[in-house]
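Residue 438 is where the sequence shown starts when you use our numbering, and the numbers rise one by one after that. Take a look at the structure set out below.
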Amino acid sequence: MAVNEIWTIGRILKWTEGYFAQKGIENPRLDAEVLLGHVLKKQRIYLYVHFDEPLQPAELQSFREMIKQRINHVPVAYILGEKEFMGLTFKVTKDTLVPRPDTEILVQGAVDRLRSSGREHVCIADIGTGTGAVGLSVLHFFPGAELDTVDISGAARAVAEENAAHLELTDRVHFFTGDLLLPLQGQTYDAILSNPPYIPAADISKLSADVQLSEPHTALDGGEDGLDFYHRLCEHAPAMLVQGGFMAFEVGINQAQAVAELAENNPLIEKTEILKDYAGIDRVVVAWKKEA
Ligand code: GLN
Numbered sequence: 438m439a440v441n442e443i444w445t446i447g448r449i450l451k452w453t454e455g456y457f458a459q460k461g462i463e464n465p466r467l468d469a470e471v472l473l474g475h476v477l478k479k480q481r482i483y484l485y486v487h488f489d490e491p492l493q494p495a496e497l498q499s500f501r502e503m504i505k506q507r508i509n510h511v512p513v514a515y516i517l518g519e520k521e522f523m524g525l526t527f528k529v530t531k532d533t534l535v536p537r538p539d540t541e542i543l544v545q546g547a548v549d550r551l552r553s554s555g556r557e558h559v560c561i562a563d564i565g566t567g568t569g570a571v572g573l574s575v576l577h578f579f580p581g582a583e584l585d586t587v588d589i590s591g592a593a594r595a596v597a598e599e600n601a602a603h604l605e606l607t608d609r610v611h612f613f614t615g616d617l618l619l620p621l622q623g624q625t626y627d628a629i630l631s632n633p634p635y636i637p638a639a640d641i642s643k644l645s646a647d648v649q650l651s652e653p654h655t656a657l658d659g660g661e662d663g664l665d666f667y668h669r670l671c672e673h674a675p676a677m678l679v680q681g682g683f684m685a686f687e688v689g690i691n692q693a694q695a696v697a698e699l700a701e702n703n704p705l706i707e708k709t710e711i712l713k714d715y716a717g718i719d720r721v722v723v724a725w726k727k728e729a
């Protein structure tokens with residue numbers, strides 16, 4: 438891309454799309470549009486009706502920097518520093534997993550169940566919170582909820598704290614840094630939610646280059662069969678639920694049955710449900726504690 442030529446929006450999009458495609462970027466056109474829209478501070482639709490508009494030198498310079506990052510498999514969300522989830526904007530950094538659309542199933546499933554519980558005031562926990570996307574979204578959609586979050590990474594906690602502040606939820610959240618449920622010992626919750634690391638260790642090397650090269654492996658690696666964290670959660674979380682409370686976990690492909698069994702093996706659990714994602718894949722296991 439020569440700097441001293443006139444680059445219009447239409448021309449640079451076409452060039453970038455081709456360059457991304459050649460570098461093996463999965464959605465070359467979409468990524469080019471999203472990044473350019475961000476540089477120009479415009480919606481994507483603006484690009485289509487202003488194809489002939491030339492870029493200013495400073496805009497071209499920022500866009501070139503973004504292109505360089507993207508071809509090194511830095512995901513668009515990290516380049517922009519944010520990702521939309523549940524219609525809310527979350528700050529993301531390389532210390533946090535990028536929130537995935539599939540994880541909205543966990544949030545919606547939890548919000549629906551909290552609403553139909555008839556309880557107005559509830560306490561929930563989000564274990565391995567990362568950006569805070571799961572727990573903070575539940576708070577946003579359920580005004581009577583309070584949240585405890587735990588993450589082993591202090592850097593992730595800082596991101597979640599920023600997100601809580603930005604979403605004006607800080608007064609309903611407590612942040613803990615530590616290992617899984619340990620910082621919450623002695624507390625009880627109406628719901629315990631988690632999207633733990635669940636990729637089998639041997640499969641990490643088969644993930645897309647974007648995920649493998651850029652996202653934190655501690656947020657992905659679930660041990661040999663990917664189920665390490667579910668073993669621990671299913672052993673200890675039920676004792677920390679109120680009577681009639683539930684725990685809900687996102688699971689990886691083909692893990693739902695095994696995780697439901699782990700939950701049912703805990704004598705405090707009465708029944709389980711499995712929720713499917715947008716692609717029809719079993720994605721969330723909900724396990725209910727006995728009423729009394
Ligand atoms: N869904 C993520 C992926 O497939 C993994 C998230 C997780 O391990 N919790 O990359």
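Here a beta-carbon is modelled for each residue, glycine too, at the ideal position from N, C-alpha and C.
Practice task
Could you say which of Ala514, Glu661, Arg720, Pro512 lies nearest to Ala638 if we only look at CA atoms?
Solution key: Glu661
Problem - Length at least 4, wholly inside the stretch 670-729: the alpha helix (DSSP H) runs in chain order - result: 693-701
Handout entry: Assigned secondary structure, Ser590 (DSSP; H/G/I helix, E/B strand, else coil)
Key = coil
Handout entry: Buried or exposed (CB count within 10 angstroms, at least 16 for buried), Val486
Key = exposed
Handout entry: Distance between Phe578 and Lys713 (C-alpha atoms, nearest Å)
Key = 21 Å
Exercise for the section: Under 8 Å Cβ to Cβ from Thr709, same chain only, skipping five residues before and after it: list those, please. Expected result: Ala697, Ala700, Glu701, Val722, Val723, Ala724, Trp725
Handout entry: Pick from Pro634, Leu497, Asp608 that is closest to Ile449, judged by C-alpha positions
Key = Leu497
Handout entry: Cβ-heavy atom distance, Gly572 to the ligand GLN, below 7 Å
Key = no
Problem - Distance cut-off 7 Å: Leu657 Cβ against heavy atoms of the ligand FMN - result: What this structure holds is the ligand GLN, not the ligand FMN.
Practice task
Going by CA-CA distance only, name the one from Lys505, Arg556, Val571 that's closest to Arg537.
Solution key: Val571
Exercise for the section: Count the other C-beta atoms from every protein chain shown that fall within 10 angstroms of the C-beta of Ala547, then say buried if there are 16 or more, exposed otherwise. Expected result: buried
Handout entry: Run of the beta strand (DSSP E) containing Ala562, from where it starts to where it stops
Key = 559-564
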